Each structure stands twice: as C-alpha cells, then as structure tokens.
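Presented below is the structure to which this report refers.
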Amino acid sequence: MKIIAVEPIGISPIQAETLVEQFKKTGHQFICYSDRKEDEQNLVERMREADVVIISNIKLSKEVLSQCPHLKMISVAFTGLDHLDLGYCEDHHIKVCNASGYATEAVAELAVGLMIDLYRHITVLDASTRQSGTRNNFLGRQLAGKTVGIVGTGAIGIRTAHLLQQFGCKVVAWSRTRKKELEDKGILYLELDELMQQSDIISLHVPLTSATKNLISAEKLELCKPTAIVINTARGNVMDYHALAKALKKGKIAGAGIDVFEIEPPISQDHPLFGVPNCITVPHVGYATIEAFDTRIGMVIRNVENWLKEYHSLFSTNL
Numbered sequence: 003m004k005i006i007a008v009e010p011i012g013i014s015p016i017q018a019e020t021l022v023e024q025f026k027k028t029g030h031q032f033i034c035y036s037d038r039k040e041d042e043q044n045l046v047e048r049m050r051e052a053d054v055v056i057i058s059n060i061k062l063s064k065e066v067l068s069q070c071p072h073l074k075m076i077s078v079a080f081t082g083l084d085h086l087d088l089g090y091c092e093d094h095h096i097k098v099c100n101a102s103g104y105a106t107e108a109v110a111e112l113a114v115g116l117m118i119d120l121y122r123h124i125t126v127l128d129a130s131t132r133q134s135g136t137r138n139n140f141l142g143r144q145l146a147g148k149t150v151g152i153v154g155t156g157a158i159g160i161r162t163a164h165l166l167q168q169f170g171c172k173v174v175a176w177s178r179t180r181k182k183e184l185e186d187k188g189i190l191y192l193e194l195d196e197l198m199q200q201s202d203i204i205s206l207h208v209p210l211t212s213a214t215k216n217l218i219s220a221e222k223l224e225l226c227k228p229t230a231i232v233i234n235t236a237r238g239n240v241m242d243y244h245a246l247a248k249a250l251k252k253g254k255i256a257g258a259g260i261d262v263f264e265i266e267p268p269i270s271q272d273h274p275l276f277g278v279p280n281c282i283t284v285p286h287v288g289y290a291t292i293e294a295f296d297t298r299i300g301m302v303i304r305n306v307e308n309w310l311k312e313y314h315s316l317f318s319t320n321l
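Numbering-wise, the numbering used here comes out as the position in the sequence shown, counting from 1, plus 2.
Pasting the structure below:
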C-alpha cells in the first residue's frame, strides 16, 4: 500500500523517517509532505497514486477524490469531517477514520481562556499598557458564580463544563442527546431558548451538520442578556456571524470569543466580526498544542495500522 500524508500534521522529519522504516517492514510505502498545499491541483498530484491518505482539515471535494482511483482509506487528523465529501467516500467504499478526542483538553482550555480574556480584558489592557495606559477605572468580572450554557455535550463540551465547575460556575446545557453523567454532577439540561435567556456565558461545542448550521441565529441572540458573552470553538457556520456583529454593535450582548470561521484562515479583512467592539478573534488554534499534536499523530498512525490489518485479514479470508 502507498500511504501518503499530504501535509505534515506535526510529523517532524525525524518522525517521518521512522515511519518510513516502520511501514517498510510490513511491505508498505510511506510518504510525508513537509508543507501544506490546499489547492485542488496540488492535492490531486499528491494523492493520485495513494491507497491511504492522511490529512487534517484541508477540503477534499468529489472532484479531488474522483481523481484518486486507488484510494481506499482516509485517516483524518482532525475531529470534524465536514470538510470531506463523505457521500462520495461511502459510495466508493473509502474508509474514513478521524482522530476524535485528540484535542479535547486543548479546545476546552481555549474556550475557558477566551472567557477569562473577555471578562478581564487581558488583550485590550495589554495593548493599553504598552501605550503607557493605566487601569483607568476598569473593572473586570469573575467566572465564579456565573451561569454558563454549554451548547453540545460531546467530549469537548463535557470537559469544558467540568473545568467551569472548578471555577465555581453554575453550568447548564443543551444537546440533542442528554448525558446522565452530567446530570449526576449537577448540570441541568434546558431547552436552547431557556439556555440563551439564562446564561451569562454561552459556549458552543456542536458539530456542523444541516441541523446545526446557523443554530445560533439573530433570533437566538435576541434572547440573551445584554451582559452575556458568546464563545465559539466549534465550527464557524453554527453561528450567524452577521447577526453576531449586529448584536455586538448594538450592545445586545457584551462580547464574543471566536476561534472558528466559515472558512479556514486567513480571513478576509471585510469579515463582519472585524472591527466590532468586544470581540476577540483567533485563527483556529483551539486544537493546536504540542500535547494535542503528539496525541494526534499517534491516533492517526494507529488508525492506518488498524485498517491495514483489517484489510489484509479480509483479503486473506476472501482468497
């Protein structure tokens, strides 16, 4: 099998050499590209002869996949799969595995970090201090005692909820599937409208699906307290950012912390969230920690190795 990592996903040159030898021992070829190319022409050139592809969050369209006739498996170094044409993969029996859970801690910690930054104005005050500014009577807010609404109680939502409980927050939640383990720890499930109305902080942790696109709409934002802040470390399209920008400009809500956009950064300068008050934006870094990347590499390679064993076992059985 020819296994091609079309981007490095944090694999160092030394690790790449080790993986080359590791796969060679079992009769497979491993190639790891040292840079990231997202245009379709380069993707096709890199993937055309691959049996197995390793990729993170680069979009793989039907047009790209259809030009890779040998492709049998995609090992995704990411949790979400909305950047792949899963219908094409299913129709052509291409196995898709993700790296679910590799960045649970990293994303949860960033969500909490964005909350603290908005409450204490760390980014704003850093800039002011460098301009010889003072506190100028600024008063921040504390997490302790606040009601935090967790929208989506998958692994990241659960971990974020547990961290916030340690800060002394009251945590409420909305999810399509309720988790008894959370209810047993004092987390109350609400309808989404109730959550929007009651929460001081709303933190989004849902996957992007047809049901969650623009889940947080202008109508939902209208329900918020004027002191509420919204955090999105999930997917950009689960929130209407035009509506969010208007809400921030009008003071309908107090702030927002955004790690994800409708597309991967770089983001156009005319994006509606740029230039609005009390909005912190970062270029999709929730998953990007040394520890998470180390975990991710291990998961991605294990997914490939496990699939190879299954494939060869099935092939041998059918002989």
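Here a beta-carbon is modelled for each residue, glycine too, at the ideal position from N, C-alpha and C. All values reported here derive from a predicted model rather than from experimental measurement.
Inter-residue Cα distance where the pair is residue i and residue j
{"i": "T291", "j": "F80", "result": "13 Å"}
{"i": "E51", "j": "G135", "result": "59 Å"}
{"i": "G288", "j": "A110", "result": "8 Å"}
{"i": "E264", "j": "L275", "result": "12 Å"}
{"i": "I118", "j": "I76", "result": "38 Å"}
{"i": "V173", "j": "L194", "result": "14 Å"}
{"i": "Y243", "j": "L223", "result": "11 Å"}
{"i": "L192", "j": "T162", "result": "17 Å"}
{"i": "L157", "j": "L21", "result": "In the sequence as presented, Leu is not what sits at residue 157; that position holds Ala. Answer to the nearest angstrom: the Cα atoms are 30 Å apart."}
{"i": "E221", "j": "K254", "result": "12 Å"}
{"i": "H72", "j": "L316", "result": "17 Å"}
{"i": "K27", "j": "A105", "result": "31 Å"}
{"i": "D128", "j": "E183", "result": "40 Å"}
{"i": "F169", "j": "R298", "result": "28 Å"}
{"i": "I204", "j": "M198", "result": "7 Å"}
{"i": "T179", "j": "T214", "result": "14 Å"}
{"i": "D202", "j": "S102", "result": "29 Å"}
{"i": "G29", "j": "G300", "result": "20 Å"}
{"i": "H123", "j": "E47", "result": "46 Å"}
{"i": "N216", "j": "E23", "result": "46 Å"}
{"i": "A294", "j": "I189", "result": "27 Å"}
6 Å Cβ shell around residue i - same chain, five flanking residues per side excluded
{"i": "G154", "result": "S177, H207 and V208"}
{"i": "G257", "result": "L120, I231 and N280"}
{"i": "A247", "result": "P274, L275 and V278"}
{"i": "Q31", "result": "K4"}
{"i": "A236", "result": "L206, H207 and V208"}
{"i": "M241", "result": "I218 and N234"}
{"i": "C99", "result": "S77 and N305"}
{"i": "I269", "result": "F263"}
{"i": "L145", "result": "F169 and C171"}
{"i": "I33", "result": "I6"}
{"i": "L86", "result": "L62"}
{"i": "C91", "result": "V98"}
As assigned by DSSP and simplified to three states, the class of residue i
{"i": "V208", "result": "coil"}
{"i": "M3", "result": "coil"}
{"i": "A290", "result": "coil"}
{"i": "S32", "result": "The residue you asked about is not Ser; residue 32 is Phe in the sequence shown. Three-state result, F32: strand."}
{"i": "L321", "result": "Interpretation of L321 is limited by its pLDDT of 48, a score under 50 that renders its predicted location unreliable; the figure taken from the coordinates is listed afterwards. Coil, per DSSP."}
{"i": "N216", "result": "coil"}
{"i": "G257", "result": "strand"}
{"i": "C91", "result": "helix"}
{"i": "L310", "result": "helix"}
{"i": "Y191", "result": "strand"}
{"i": "I11", "result": "coil"}
{"i": "V78", "result": "strand"}
{"i": "V22", "result": "helix"}
{"i": "L62", "result": "strand"}
Proximal residues to residue i (C-beta, below 7 Å), its chain only, five neighbours per side dropped
{"i": "T125", "result": "D119 and I282"}
{"i": "L83", "result": "V98 and N100"}
{"i": "Q43", "result": "none"}
{"i": "L88", "result": "V98"}
Same chain only: Cβ atoms within 8 Å of residue i, ignoring 5 sequence neighbours per side
{"i": "Q200", "result": "T149, G151, V174 and L192"}
{"i": "L45", "result": "V8, K39, I60, L62 and V66"}
Quick check on the DSSP output: what are the complete beta strand (DSSP E) runs of length 3 or more inside the stretch 133-186, in order along the chain? 149-153 and 172-176
When the Cβ atoms of the stretch 51-64 are set against those of the stretch 7-22, are three or more pairs found closer than 8 Å? yes
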